[in-house]
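If you use my numbering, the sequence shown corresponds to residues 20 to 176, in order.
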Amino acid sequence: MSEMRVVGVRVELPANQPILLLRETDGERYLPIWIGSVEATAIALEQQGVRPARPLTHDLLKDIIGALGRELQQVVITDLSEGTFFAELVFDGDIRVSARPSDSVALALRVGVPIHAEDTVLEEAGLVIPDEQEDEVEKFREFLDSVSPEDFRGADT
């Protein structure tokens with residue numbers, strides 16, 4: 020299992036589909052995960068330090084976990100099956116709850132716990148970006164610095 024860090028989210032054109040990009044903390048593999056726009060907004064808001072006037076769902080869940088006296092210890096991306104990623108929230112007492120990776124990452128960022136990916140997931144979906152493509156990663160980071168949460172809102176909101 021490898022610890023991952025959130026590089027960020029971006030919207031892939033022309034499909035207008037958000038992608039969560041994770042990278043191994045002590046490795047070279049990236050893990051791209053297609054996610055929904057609501058979750059992309061939640062992740063982007065937290066990364067940018069934006070505090071909404073009212074708690075979003077992931078903020079509420081963090082508060083509920085604390086109010087119940089539980090502790091989220093880590094998030095693990097556990098599986099990839101037929102193009103769908105799976106994750107678990109791991110709580111104190113080794114209590115595990117199945118969750119979508121996007122929700123898990125949004126919660127992990129708010130709580131400040133590590134994000135891990137199983138080796139089998141990284142072997143199947145992990146990407147190593149050659150040195151000549153590092154400029155693309157830098158452009159992606161620049162994009163993340165300039166993106167706003169409104170960029171992730173769908174046409175129906």
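Yeah, the Cβ is synthetic: ideal placement off N, Cα and C, and Gly gets one too.
Please determine, among the options, the residue with the shortest C-alpha to C-alpha distance to residue i.
i             : options                        : result
threonine 76  : Arg48, Asp98, Leu108, Ala125   : Ala125
aspartate 111 : Leu87, Phe105, Leu128, Tyr49   : Leu87
serine 21     : Ile134, Ile148, Val147, Arg119 : Ile134
leucine 50    : Ser123, Val25, Asp113          : Val25
leucine 41    : Leu146, Lys81, Met23, Ala144   : Met23
aspartate 82  : Ala144, Val130, Leu146         : Val130
glutamate 65  : Val147, Asp122, Leu146         : Asp122
threonine 103 : Ala72, Ile84, Ala118           : Ala118
glycine 55    : Leu146, Val30, Ile148, Val147  : Val30
alanine 106   : Ile148, Ala136, Val147, Leu146 : Ala136
alanine 144   : Ala127, Glu101, Arg89, Thr60   : Glu101
arginine 89   : Glu43, Leu128, Asp113          : Asp113
Going by DSSP, what residue range makes up the beta strand (DSSP E) through residue i?
i              : result
aspartate 98   : 91–100
alanine 106    : 103–110
glutamine 66   : Run containing glutamine 66: none in the beta strand (DSSP E); it sits in the alpha helix (DSSP H), 56–66.
arginine 115   : 114–118
isoleucine 134 : 134–136
leucine 79     : First-last for leucine 79: 76–86, but that is the alpha helix (DSSP H), not the beta strand (DSSP E).
proline 51     : 48–53
methionine 20  : That residue, methionine 20, is in no beta strand (DSSP E); it is neither H nor E in DSSP.
With 16 other CB atoms within 10 Å as the buried threshold, where does residue i fall?
i            : result
aspartate 45 : exposed
leucine 39   : buried
proline 120  : buried
alanine 34   : exposed
alanine 127  : buried
Verify whether the separation of the beta carbon atoms of residue i and residue j is less than 7 Å.
i             : j             : result
valine 116    : isoleucine 62 : no
tryptophan 53 : glutamine 67  : no
glutamine 92  : valine 69     : no
arginine 199  : valine 132    : The requested residue 199 is not part of the displayed model; the chain covers only 20 to 176.
So is residue i in contact with chain C if we call contact Cβ pairs under 7 Å?
i             : result
asparagine 35 : Of the protein chains in the structure, only one exists, and it is not chain C.
Segment contact, 8 Å Cβ cut-off, at least three pairs: the stretch 132–141 with the stretch 97–117: yes
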